[in-house]
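Scroll down for the structure; my scribbles are underneath it.
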Amino acid sequence: MTIQEYVDQLNLRYKSGISREHSYRGDLQTLLSNLLPDLLITNEPSRTDVGAPDYILTKGKIPVGYIEAKDIGDPDLEGKKRNKEQFERYKTGLPNLIFTDYIDFHVYREGEFLTSVSIAEIQDGKIVGKTENYGKFENIIKDFGTHVGQTIRSANKLSKMMAGKARILADVIEKALNADEEKQKNKVNETANNTLREQLAAFQNVLIHDIKAKEFADIYAQTIAYGMFAARLHDSTLDTFDRHEAAALIPKTNPFLRKLFQYIAGYDLDDRIVWVVDGLADIFRATDVDGLLKNFGKATQQQDPIIHFYETFLAEYDPKLRKSRGVWYTPEPVVNFIVRAVDDILKDEFGLKEGLADTTKTKVKVKVPTHDKRHKGGMVEEEREVHKVQILDPAAGTGTFLAEVIKQIHSKFEGQQGIWATYVEEHLIPRLNGFEILMASYAMAHLKLDLLLRETGVEPSGSERFRVYLTNSLEEHHPDTGTLFAGWLSEEANEANHIKRDTPVMVVLGNPPYSGISSNMGKWISELIEDYKYVDGEHFGERKHWLHDDYVKFIRYGQHFVEKNGEGILAYVNNHSFIDNPTFRGMRWNLMNTFDEIYILDLHGSSKRGLKAENGERDKNVFDIQQGVSINIFVKKSTSKKGLADIYKANLIGPRNMKYDFLNQNSLKEIDFSLIKNESPYYFFVEKDYSIKDEYLSGFNVNELFNESVTGVLTARDHLVIDFDKNDLIERIEVFTDDSYSDQQIRDRFFGNRTAGKYPAGDTRGWKLNETREKIRGKEHDKITLNYSYRPFDTRKIYYSPEMVDWGRENYMHHLISGKNVALDICRQLISDSYQHIFVTNRLTDDSFVSNKSRERGYILPLYLYPEKSTQKTLDGKPERTPNLDKKIVQEIAKKLGLKFIPEKEETEGTFAPIDLLDYIYAVLHSPSYREKYKEFLKIDFPRVPYPEDPELFWELVELGGELRQIHLLEHPVVEKFITTYPIAGSNVISNRLTKTDPGFIPEDDDETTGKVWINEEQYFGKVPKKAWEFYIGGYQPAEKWLKDRRDRELSIDEIRHYQKIIVALMETDRLMQEVDGVLDV
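Numbering of the sequence shown is given in the numbering used here, commencing with residue 1 and proceeding in unit increments.
Quick look at the structure:
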């Protein structure tokens, strides 16, 4: 076929008016075959349906180029609009690429635009050839077909190209799995290869039960990419390389990956992914991986070039994935310190002079299979000799900790290289154990250990596999389910099971995952966690807790191994919340019962706490995460244990590099630890002042006074269901429910890229956008759009529908919307250094009303309870209500005061009512002296308040508390007496950022007691007291917060007046707090 014949054929089809993109595919394939007779031009619909480009050009088994075709006249051939996502994916993964609409051809080389040519155009409904361009087109196509990829000499370039190919591979695998699932649903009879579907099912059954196609595709694609990497690393024939050769080159130290690559190399590989796997091999054929890595390590000054390379790869492959899995990479100073600490403890505490290098052996009883039918279960016990210092990383990730163990042991063999190889085979590999659940990390760990041993001069023989297993640490073994892939996984789990069951693990170390919402809810580990729910032998009585956080489970898991062994060391870096959070008191008590010594080096770094070093520098995390972390080393000796463990605590606060330097330069025994005094019932692993404990505990617990309490409303989608203006909110809901918009349009409009793991943007496990739109379509939106206490002094509107609000607390919040009421909002525990965490509300209230910091959730304590959906009313026609107060505590207060308690406020002498008790509590908890004196106790549980005994003092505090309450609800007349000005007319738009570089408050006098709060370049609130600007309520600075939340909004007259009321309220609060201190003798 000539070019002109091709154009004529296009014209015939185009004029028919019924042709589409696919109609022209055969014509282009024929033209290309004529122009490039040495190449195979493949157009396979089963591949293109799952993400492959339309044409793949190969020479032998080597891919030469790729062509993606769109319909004639496609308006986005440059890939800037609707084709952007697909085109960008192809450009980063396919080095020689053409995008075409069959008449225009755009050529890209290594992701960059190279040239374009047009061989025809549409005129009057016909396709007319541009004969003057035929020669250029032929030259471009022939050049395209003879392209040879450049040798890759840069590690960064290799990681980018690997990432591009892996991203395409993941996309193809996901689409193939989804297509198979759709065929299965529709009961389509097909003979297509279903090995991918079987492998996903096996993965779900054996490893990660809730993994979805997208996640599996990610893991699978990365594993193939890094398996290829590992194979090429061992390839001595640099001129050749393909997936078949890769299968033979995977080290014998990794039997699972060898089996996986035998599938990759074989005839059973799903044909839909063959092309991209071959393309991946093509990248490595152009790369000397071994030489490249050596240079990369030198260039980056990284002791671990593999990890640095992997970080670069992930940043290209999926930046979000890199962020979410940042815990895989533990900073080298942290790893180095922990491994050195374990080595020192083994030498100093256990008398093992070689520490981690120890070769001592011990005898253990293990279960082995037997054919003797007299033994139940086909197992019999026999005694075996094994190494004493067995080391396990139960969340091995990419093998960072195990690699560091090898490095530090190798350093002890300086000048003894002649015995090192024998030592590795006989005494090192048999002692290093690791479990990892993610296939890509597992492949990386094996690659790293193999490379590291080669660097030390050892070529692993393969007679001893690396004892790093693909398994779920927290689950027991799963039986083989029959498929080949499941069999491989089952073999890994079986071998891992020998470690779990029979190996006397003496050292457990690592960096366990930090997931707060764990999917590891298996029976075995959950039963172990039950031990953490007891304090001093009694159940702690909590239903909601963080004991199912993954890091907690891994601590319990490591503890289990040390307990089973009778002695040993558990050394982790993990979330530091367990050291002082009241919920973890049972965990602390249990750990103290198991171990003899516990060392806590608190590295801090929480983004929520805002700590500063002594020199004023801001505290930073050693990881790129928000939670603070600590290094925790638990030591159990074999001698009989007496009493609870000794707790040693030290703090490291400051910039990240300072922490790294400290860890590099100090050993465990060089750190100045403080011995922590243990006190029941909390057993904190931090220093506390307990000298006034009995005095504080003699008061009543505010939460126990109120019979019912609940955390505030949590919508999970504030931006959709909360607004400043009722009309704007209802209009938004009407758009949300409007069936003229598709679900995808609504998703894009309101959620953009806000994905929650495996779900589409906006969706969660319990909330689906399409279903919710249907459910609320017929609702009277106006009636369920209610006032909402969002932040202090900040009342907004909420669309209060259970379908739109995840945790609406409807069973409790009706007490605040059924009739007149008032409620305290208090926190159970604090991470802030000072107590100011109490406020008052009289309407629906947000979970973060008082603070949005972690561990500072607000609890709502309504003063009265209204019957649910009851028509019962009092004589004056109001709904009947009852005090939400504990009778025993109220009776005790009445007895001490000599007053009679009545359910409603009356002017009857000798009585007191619920509102009086609330005001009394409100006053006491606003006493600066009370807050300071008992601050340590106010941080760890609901506040306690002293029983009132003096009626005169009681009524004085009631009066002051009542004033505070009315002022905070902006109901007191004093808030109308403004002390500020708003002198300049203008746009009233808040355009200032209110940051350090764009401040809101600027002092206006020499003593800086007052200032101007600028909202834009021209307008400001004048005479604002600095004290009001800096005043805190809970986790907020209301004078600043209220404005910040309205940036880029135009303030109405009411809002301008409202802000000035806030300033009065804050100053009055400060005045009344001093008055409370003058009355209350603390």
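A virtual CB, placed ideally from N, CA and C, is assigned to each residue, including glycine.
- Residue 803 holds the alpha-carbon nearest to the alpha-carbon of residue 721 among 672, 712, 644, 803.
- The beta-bridge partner set that DSSP reports for residue 846 consists of 713.
- With fewer than 16 other Cβ atoms inside 10 Å of its own Cβ, residue 524 counts as exposed.
- In summary, residue 113 is exposed, with fewer than 16 beta-carbon neighbours lying within 10 Å of its beta-carbon over all protein chains present.
- Between residue 514 and residue 396, the alpha-carbon positions lie close to 14 angstroms from each other.
- Counted as a single uninterrupted DSSP element, the stretch harbouring residue 810 is not any beta strand (DSSP E) but the alpha helix (DSSP H) occupying residues 810-817.
- Sequence-distant partners of residue 217 (beyond 5 residues in either direction) whose C-beta falls short of 6 angstroms from its own C-beta, in its chain, are 170, 173, 174.
- By DSSP's assignment, residue 390 forms a beta bridge with 505.
- For residue 604, the enclosing beta strand (DSSP E) stretches over residues 597-604.
- Distances from the CA of residue 24 to each of 556, 444, 102 were compared; the closest alpha carbon is that of 102.
- Shown here, residue 152 sits in a strand according to DSSP, grouped into three states.
- Within the stretch 217-305, the runs of alpha helix (DSSP H) that reach at least 4 residues and sit entirely inside it are, in chain order, 243-249, 255-265, 271-285, 289-300.
- Looking at the DSSP output, residue 69 shares a beta bridge with 100.
- Contact holds between the stretch 967-983 and the stretch 1019-1034, because three or more Cβ pairs, one in each stretch, are under 8 angstroms apart.
- Out of 927, 694, 998, 1033, the CA that lies nearest to the CA of residue 848 is found in 1033.
- In this structure, residue 586 keeps its C-beta atom at 9 angstroms or more from the C-beta atom of residue 609.
- The closest CA to that of residue 902, considering only 920, 883, 918, 812, is found on 883.
- Looking at the backbone, the Cα of residue 380 and that of residue 495 are separated by about 17 angstroms.
- Listed as beta-bridge partners of residue 467 by DSSP are 433.
- For residue 621 against residue 605, the beta-carbon gap comes to about 3 angstroms, under 8 angstroms, which counts as contact.
- With fewer than 16 other Cβ atoms inside 10 Å of its own Cβ, residue 1074 counts as exposed.
- Within the same chain, Cβ atoms closer than 6 angstroms to the Cβ of residue 826 are found at 838, 859, the five residues on either side in sequence being excluded.
- Take the alpha-carbon of residue 446 and the one of residue 227: they are about 10 angstroms apart.
- Sequence-distant partners of residue 288 (beyond 5 residues in either direction) whose C-beta falls short of 7 angstroms from its own C-beta, in its chain, are 238.
- For the pair residue 212 and residue 164, the CB atoms are not nearer than the 9 angstroms cut-off.
- Secondary structure of residue 804 (DSSP, three-state): coil.
- At least 9 angstroms separates the beta-carbon of residue 309 from that of residue 442.
- About 16 angstroms separates the beta carbon of residue 222 from that of residue 281, a gap too long to meet the 8 angstroms contact definition.
- C-alpha of residue 966 to C-alpha of residue 922: approximately 11 angstroms in a straight line.
- The criterion of a C-beta distance shorter than 9 angstroms is satisfied by residue 841 and residue 822.
- The beta-carbon separation of residue 1015 and residue 1053, rounded to 14 angstroms, does not stay under the 8 angstroms limit for a contact.
- Nearest to residue 942 by alpha-carbon distance, out of 746, 697, 489, 1066, is 697.
- Put simply, the backbone Cα of residue 853 is about 50 angstroms away from that of residue 413.
- Under the DSSP assignment, residue 197 falls in the alpha helix (DSSP H) whose first and last residues are 195-206.
- Excluding the 5 residues flanking it on each side, residue 547 has same chain C-beta neighbours closer than 6 angstroms at 529, 532, in chain order.
- Between residue 158 and residue 292, the C-beta gap is smaller than 9 angstroms, which places the two residues in contact.
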